[in-house]
Amino acid sequence: MKRWIVYTSCFLAACLILALPGGCTDESLVKPGNRTGKTVMVSLQVSLPPAIDPTAGTKQAAQASRSGRSGQSIQTQQGNNAGAAFTVYLEQAQPETNTKASDGTTELHNLWLFQFNADGSINGEPQKLSDATTAVNDRATLEVPLVVATDQTLYLLVLGPKLDRDFSGVTTLEELEKNSFDYLTSEGGSDKSLITSDVDVPFAGKVTGVTVSDIDSGKHGLVEYNTPEGFTGAIEIRRLMARITLHYKFDVDNYRLQGLKLLNVSKTIRLTNPDVNDEKVNAYGTLESVLEGEPAADGFRTQTWYVAQNRRGTVGTIISEDKRYYKVDGTVESGQAPPLGTQIEAWAYSTESADKYAIYQMYVGNNNTDNFDVTPNHFYNLRTSINAEIESAKNDERIRAYTAEQSINFRASAITSGTKGKYDVPDVKYDLDAHCDTRPINIKAHGRIITVGVYTDEGATFQASAATSWLRLSSSSNYTDAYNNRKEPLSTLMTTKTVLPTEVRLYLYSNEYTYLDDGVTLPDTGTDGKGGKRSLYIKITTATEGEEGKPVEATTIYRMDQRPAIYCGRFGGEKENGVYKMGLLCEQIRENISPYSENKEQQKKAQYPGYYRVNTADDYGTANLDNGKAVTRELSENPKNLEMNNSISAYVPALQKDASGNILLYQYQYGYTIAARACYDLNRDENGNGLIDENELIWYLPASNQLIGIYVGNYIDNVKSSIGVSTTERSGTPPYYFTRLSSNAITVEPKTTTTGRLCVRDIPLP
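All letters in the sequence shown, in the order written, are residues 3 to 768 by this note's numbering.
1) Can you round the beta-carbon distance between Glu-304 and His-380 to whole angstroms, since I take them to be within the 8 angstroms contact cut?
2) If you check the beta carbons only, do Gly-126 and Val-149 fall under 9 angstroms apart?
3) If you run the structure through DSSP and keep just helix, strand and coil, what is Lys-631?
4) Using a 10 Å radius around the Cβ and a threshold of 16 neighbouring Cβ atoms, would you call Gln-345 buried or exposed?
5) Assign Ser-336 to one of two classes, buried (16 or more other C-beta atoms within 10 Å of its C-beta) or exposed (fewer than that).
6) Contact defined as beta carbons within less than 8 angstroms: I believe Arg-507 pairs with Ser-479. What is the distance between those atoms, to the nearest angstrom?
7) When DSSP builds the beta bridges, which residues end up paired with Tyr-382?
8) Quick one: what does DSSP say Cys-761 is sitting in, helix, strand or coil?
9) Kindly indicate the opening and closing residues of the alpha helix (DSSP H) around Asp-678.
10) Skipping 5 residues on each side, what residues in its chain have a beta carbon closer than 6 angstroms to that of Arg-245?
11) Just to check my reading of the structure: Asn-640 and Leu-657 have Cβ atoms closer than 8 angstroms, yes? What is that Cβ distance to the nearest angstrom?
12) How far does the alpha helix (DSSP H) with Thr-624 in it reach, from first residue to last?
13) Out of Leu-524, Asn-617 and Asp-216, which one is the CA nearest neighbour of Val-42?
14) Leaving aside the five residues before and after Ser-387 along the sequence, list all residues of the same chain whose C-beta is less than 6 angstroms from its C-beta, in chain order.
15) Between Leu-492 and the rest of its own chain, which residues show a CB-CB distance below 8 angstroms, the 5 nearest in sequence each way excluded?
16) Can you round the beta-carbon distance between Asp-398 and Asp-324 to whole angstroms, since I take them to be within the 8 angstroms contact cut?
17) Rounded to the nearest angstrom, what separates Pro-23 and Val-146 at their Cα positions?
18) Please report the Cβ distance between Gly-574 and Asp-764, rounded to the nearest whole angstrom; I am assuming they are in contact, meaning their Cβ atoms lie under 8 angstroms.
19) Check each candidate in Tyr-328, Thr-306, Tyr-327 and Ile-401 and name the one with the smallest Cα separation from Ala-348.
20) Looking at the secondary structure, which residues open and close the alpha helix (DSSP H) in which Glu-176 lies?
21) Look at the alpha carbon of Leu-92 and the alpha carbon of Asn-383, and state the distance between them as a whole number of angstroms.
22) Does DSSP classify Ala-462 as helix, strand or coil?
23) Using only the alpha-carbon positions, how far apart do Met-562 and Gly-571 sit?
24) What did DSSP end up calling Val-430 once you bin it into helix, strand or coil?
25) For Thr-108, which residues does DSSP report across the bridge?
26) Starting from Asp-483, trace the beta strand (DSSP E) in both directions and tell me its first and last residue.
27) Who are Glu-514's beta bridge partners in DSSP?
28) What residues in its chain sit with their C-beta under 8 angstroms from that of Val-522, if we drop five residues either side in the sequence?
29) So, is Leu-46 buried or exposed, given that buried needs 16 or more other C-beta atoms within 10 angstroms?
30) Can you pull the DSSP bridge partners for Gln-363?
31) Check whether chain D comes within 9 angstroms of Asp-683, counting only Cβ atoms and requiring the distance to be less than that.
32) Out of Ile-542, Pro-341 and Leu-524, which has the shortest C-alpha to C-alpha gap to Ile-417?
33) Which of the three DSSP states, helix, strand or coil, is assigned to Leu-502?
34) Can you round the beta-carbon distance between Asp-433 and Ser-415 to whole angstroms, since I take them to be within the 8 angstroms contact cut?
35) Assess contact between the segment 278-298 and the segment 237-244, defined as three or more Cβ pairs (one per stretch) separated by less than 8 angstroms. Is contact present?
36) Hey, how far is the Cα of Ile-568 from the Cα of Leu-627?
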């Protein structure tokens, strides 16, 4: 039998609450849109099931609960921790009283309701219901307009107070469920979370097989849920994040606990999650918490985080807790735990030596041995007493002793003052090229104030203006985020303080360099193409408190040069009567061969071919030998979803798209992709909308006739490199995407060949 939920509230009151203009006719309730029937007001029931406790439903958990030993680990009772220097107990979750107000209510913010037909198409319009609704005892009733229809799917999304998005354009269930949300931001060179309390957490849920009926000629209605007898029909909404709570006590001789880090935090909240997270798709951050305040009466402190899914599965070969680790010493990896599993690190400093510190590693999962899943709508409650001496590290690899490292890693053109750091490699090959670019600055420090500034003079006394400087700083790792980072806008001066040994990550963003300040005159690049540079100076200062509270500072000043684009002749734009209509500029530097950081993921690498043995001539116009601009966009965005690599994904990661089918920017690190996409990524999202709009596509991969013109004119040395330079032209049978110019000849390349890259842009004829 099916349960019926009847509309019982006063219809007039509902209309007043919803503030719908023009009365309560069905035309005013829902815009015509894709509506299949008349619209009625219904009482929609919403329920909030409790979060899942990984320890619930087990015999050991029940025994521990009855005996009052809620902190006792199930896995410990099974005797799997022999030899562990310290133990992390997975407790039963406490009652969710702390997720509700004292009166038993839960605030739900930013609600959207969707109604879909059986085929997944929208029925009516997406509805923004309210900014806030209150659930009492985990249930709420919403008075909402729905379209009369059968076999419907209702989807309720509660974004919470910290997330926001306009869903008015959603047309299908599939489109909706592909949505995701970033909740980590950059501040002071470190990651910060927008979600810091239970009330911030977003919810979502859907119910299928719903019938919406009309009971009084188009005003009142009811919802029939396809549910078993005795079940009160409702939309169940569940948390889209997990909650991790650590109760901890630290008592180790000669060491003082300084703070905690939560590592491998997935940066993306998804409406639909995979069974196992894909390390090639997900991006991860680190959340830090510094020790503050006093512990509770029992000596324990508590730290809570809210995180998106990071499921890493079960490693059956790990049979005891002390084997639940992964570490890297130099280039040597050890341990069987997943490298990207979510883990907590407790950081403690030696009271005898300021440079000595220790790390205690604790992975999060459904137990404390072999599982490494962090799943939404789960509460992970961990408890530990860290009292193992550092000497225990000899037997327990989760404990490690280190000497703190202070270092700067910045690839600049030159150092003009101060001492070169361990990872500093100044060289002219690290000049910025003419296109818009990003250069990382990684500073490893602890207990220090770090200041980074951009200056116009060699002595670094005159700070560059953030409004006019061609070089600016941000803590955001891509330009879209930097543009939208209202808390820390693009600037020429940044200051941050480190407490834990931390790698502060800052980024320089340069404008393109095509003209002199008058916007008309091309720079004189000289016969060797290396003239006409412009320069700014980067001053990095680290300060710590010395004797009698006086600061001790260390300062290094770097020079950052940018080379202008080289004018290559009349090879730009489209042809008219066999002659190009515009001039062509090209970049100078062979960026694909130089590492721009000691971190392997931050190197500019050679480009591989793409679309191997796929006919791109008909779909993407790669038969055009004259101009590569339009082709560059097609190959880079792959709008027709052609097979990109034909089983060579190991060489080129597949192009990723968002829920709306738009290509994701910044998915490749420094050009580790096909040549066309490498040039596409040189363009800047100037308005911060996450897209390269038509007016923003400036730099592109040249077609073969353009490249031959550059070569014949002998404008740039790297065109004649033995590794060749790629073009957009297709060649061969069947047509390939990738060809290259080498020794003044166009050749077809196999799928694993790397190549040079030369990107160009059009300009008006000088």
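Think of the CB as a built atom: it goes at the ideal place given N, C-alpha and C, for glycine as much as any other residue.
In terms of the structure at hand:
1) For clarity, residue 304 is Thr in the given sequence; the question names Glu instead. Contact flag wrong, Cβ pair sits at about 18 angstroms.
2) yes
3) helix
4) buried
5) exposed
6) 7 angstroms
7) Ile-246
8) coil
9) It should be noted that the sequence gives Ala, not Asp, for residue 678. First-last of the alpha helix (DSSP H) with Ala-678: 677-682.
10) Tyr-308 and Phe-381
11) 5 angstroms
12) Segment: none, Thr-624 is in no alpha helix (DSSP H) and carries neither H nor E.
13) Asp-216
14) Lys-251
15) Ala-468, Arg-474, Leu-475, Ser-476, Ala-484, Tyr-485 and Tyr-511
16) 5 angstroms
17) Low confidence applies here, because Pro-23 scores a pLDDT of 37, under 50, leaving its location unreliable; read the following figure in that light. In a straight line, the C-alpha of Pro-23 is about 15 angstroms away from that of Val-146.
18) 4 angstroms
19) Ile-401
20) 175-179
21) 6 angstroms
22) coil
23) 28 angstroms
24) helix
25) Ala-137
26) Unbroken run through Asp-483 is the alpha helix (DSSP H), 481-486; no beta strand (DSSP E).
27) Note: Glu-514 sits in no beta bridge, so no partner.
28) none
29) buried
30) Glu-347
31) Annotation note: the requested chain D is absent from the structure, which comprises a single protein chain.
32) Ile-542
33) coil
34) 5 angstroms
35) no
36) 22 angstroms
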